[in-house]
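Beneath this line is the structure, given in structure tokens, with notes to follow.
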Amino acid sequence: TPPEIIRNFCVIAHIDHGKSTLADRMLQATGVVEQRDMRAQYLDRMDIERERGITIKSQAVRMPWEVDGTAYALNMIDTPGHVDFTYEVSRSLAACEGALLLVDAAQGIEAQTLANLYLAMENDLAIIPVLNKIDLPAAQPEKYAEELANLVGGDPADVLLVSGKTGVGVEALLDRIVAEIPAPVGVADAPARAMIFDSVYDSYRGVVTYVRVVDGALTPRQRIQMMSTRASHELLEIGVISPEPTPTRGLGIGEVGYLITGVKDVRQSKVGDTVTDLAKPATTSLGGYEDPKPMVFSGLYPLDGSDYPVLRDALDKLKLNDAALVYEPETSAALGFGFRCGFLGLLHLEITRDRLEREFNLDLISTAPNVVYDVTLEDGKEVQVTNPSEFPTGGKVAQVCEPMVAATILAPSDFVGAIMELCQARRGQLQGMDYLSEDRVELRYRLPLAEIVFDFFDQLKSRTRGYASLDWKADGDEAADLVKVDILLQGEQVDAFSAITHRDKAYAYGVMMTAKLRQLIPRQQFEVPIQAAIGSRIIARENIRAIRKDVLAKCYGGDITRKRKLLEKQKEGKKRMKMVGRVEVPQEAFIAALSSD
Ligand code: GDP
Ligand code: MG
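Note that this note's numbering has the sequence shown beginning at 16, numbered continuously upward.
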């Protein structure tokens, strides 16, 4: 396919503004998917994506479209909208010359609209502003067309009005893509260079790698080389997705498609890497992407200890398809054998856990998630702490740094006070504030990741009656006064409950956790103190009073059956008990205490 008739574009938007639905309509309008084969969110191929109504993996699909007698090939790349998957968005953008910036006509610009727009601008993409959902009675096309035009520059009249639901405006949109998005340029007789923008493990075909050719061409049976590792492979198959994978005789400049080499692990076909020709290799690779960095860690333990090998295999399998997932074995006195896993964010954690439980039939406990801390010891040594119970104790710690984020919050101006109050309570530093229009304001804060990653978004939503939107990205590290709070049962530390908190919040955590455990742990034959401590200093304490004698004492003399029943029952319960020192703790208590409320 000659590059002049190719258009590569992506659709970027705040979550739920209708990317996947609009993509469906474009697939239909171009005849790629026939009416009878159509199903909602056609490109969201994973069950979990369809159930949750969110896009996790990027998708690339080729669509024919004719303008003035010329047949064009449009390559659309659908991207995920959630912050956890921003790294997927940025790599998709790098494979395109243009972007449709989609905004819900009843909502207006939101935080991820901005974040995605900035990413697109950094990649020098042509931007077509589009208002979607104009069929909604609550749509305000004039108001938001103006907002959008102000943002991207240009005339409100140039903002396209479409509905992914009814299909209105979709053909005009396809014409605009041909007219306004530049054709790809590259050097035809240069050594082949193709950028890997996604890599997916498929149990039948091995790794399917999505590429965008920049220079030269790739053809079947060619020997290719991965520029970062120098590993070489034979191209077993190469083709385009339209809407199913279709082999072709090769891919030329600007073309987007897939290739299969028979490798079994997505790490061997790394996103961001450059594919070249082994016989005639390119000298410089295309600018790569940063490796996704895990931001949130949690311990995953099988409820049934004998499932440990199943969990290990399951993680190995998921890893084949998820370069962002990291894990290593860990043992917990309270929970047994498990893995410390790193995730991009809470949604990534949730989805991974969900998949492990469903696809591999596992029952899991996950420990309270935490961020990564960089600890400098008195002797100058530095350690990275991903598990709070491994936080160095005693007077050895010189400095603790925690990850920070740059957060952008968009909301109606009425809520500025409420938002500032929340951010202040979360140790935020205000960096700036802008009015996007009369009644909509953008607030920029620098905040510790640990303060926003867990329940911040819910808090923000409830304080703004659902109107605020949030986006954030990593923004370095900062030293803070952080301490480890341990929870002790009868003097024994329970590793799964250790937490790292800001010194000002340590007391609250200690009180909350000891009170929770007092409710959850049944009375024992002896008194059990529950304590929260920073080092050797106790900051909170609860007591579980002794019980056994009293229970039996109540069943006086003759009633031997009742006594036996009671003892039976106690034995039954013990099966699912974990011992912490001399204290028996039902597994349910751990689960309940670890689940956030
Ligand atoms: P995405 O998160 O950007 O991919 O958004 P989706 O395509 O999943 O759409 C989010 C929600 O908006 C879904 O409930 C859609 O049915 C709905 N939706 C999408 N486009 C339209 C539209 O043009 N009109 C109306 N009324 N609803 C839409
Ligand atoms: Mg979607």
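Every residue, glycine too, gets a C-beta built ideally from N, C-alpha and C.
Same chain, Cβ closer than 7 Å to residue 3, five either side skipped, listed in chain order = Any question about residue 3 goes unanswered here, given that the chain covers just 16 to 612.
Run the CB neighbour count on residue 481, radius 10 Å, all protein chains shown included, and call it buried at 16 or more, exposed below.
-> exposed
Check whether the Cβ atoms of residue 267 and residue 253 lie closer than 9 Å to each other.
-> no
Taking 8 Å as the threshold, find out whether the region 238 to 249 comes into contact with the region 327 to 337 through three or more Cβ pairs.
-> no
Contact check, residue 146 vs residue 118 under 8 Å by CB: the rounded distance?
-> 6 Å
Extent of the continuous beta strand (DSSP E) to which residue 159 belongs | Careful: residue 159 lies outside any beta strand (DSSP E), inside the alpha helix (DSSP H) at 156 to 167.
Is DSSP giving residue 133 helix, strand or coil here?
-> helix
How many Å lie between residue 421 and residue 443 at the Cα?
-> 10 Å
With a threshold of 8 Å, establish whether the CB of residue 180 neighbours any heavy atom of ligand 1.
-> yes
Helix, strand or coil at residue 149 [DSSP, three-state] = coil
Would you decide whether residue 552 is buried or exposed? Buried here means 16 or more other CB atoms lie within 10 Å of its CB.
-> exposed
How would you label residue 373, buried or exposed, when you count the other beta carbons within 10 angstroms and need 16 or more for buried?
-> exposed
With C-beta atoms as the reference, is residue 176 less than 9 Å away from residue 246?
-> no
Kindly provide the ranges of any beta strand (DSSP E) runs that are 3 or more residues long and lie completely inside the region 442 to 491, ordered along the chain.
-> 444 to 452, 455 to 463
Does the pairing of the region 443 to 458 with the region 519 to 538 give three or more beta-carbon distances under 8 Å?
-> no
Cα separation between residue 129 and residue 196?
-> 20 Å
Cβ of residue 519 versus every heavy atom of ligand 3: is any distance shorter than 8 Å?
-> In terms of ligand content, the structure shown lacks ligand 3 and carries ligand 1 and ligand 2 instead.
Which two residues bound the contiguous alpha helix (DSSP H) that contains residue 603?
-> 602 to 609
Which residues in the same chain have their Cβ closer than 6 Å to the Cβ of residue 507, if we skip the five residues on either side of it in sequence?
-> 595, 596
What are the start and end residues of the beta strand (DSSP E) that includes residue 646?
-> The shown model of the chain, from 16 to 612, leaves out residue 646, and the question about it has no answer.
Secondary structure of residue 29, DSSP reduced to three states | coil
State the Cα-Cα distance for the pair residue 351 and residue 464, rounded to the nearest angstrom.
-> 29 Å
Hey, could you find the ends of the alpha helix (DSSP H) residue 520 is sitting in?
-> 518 to 535
When DSSP labels each residue in this structure, what does residue 234 get in the three-state scheme?
-> coil
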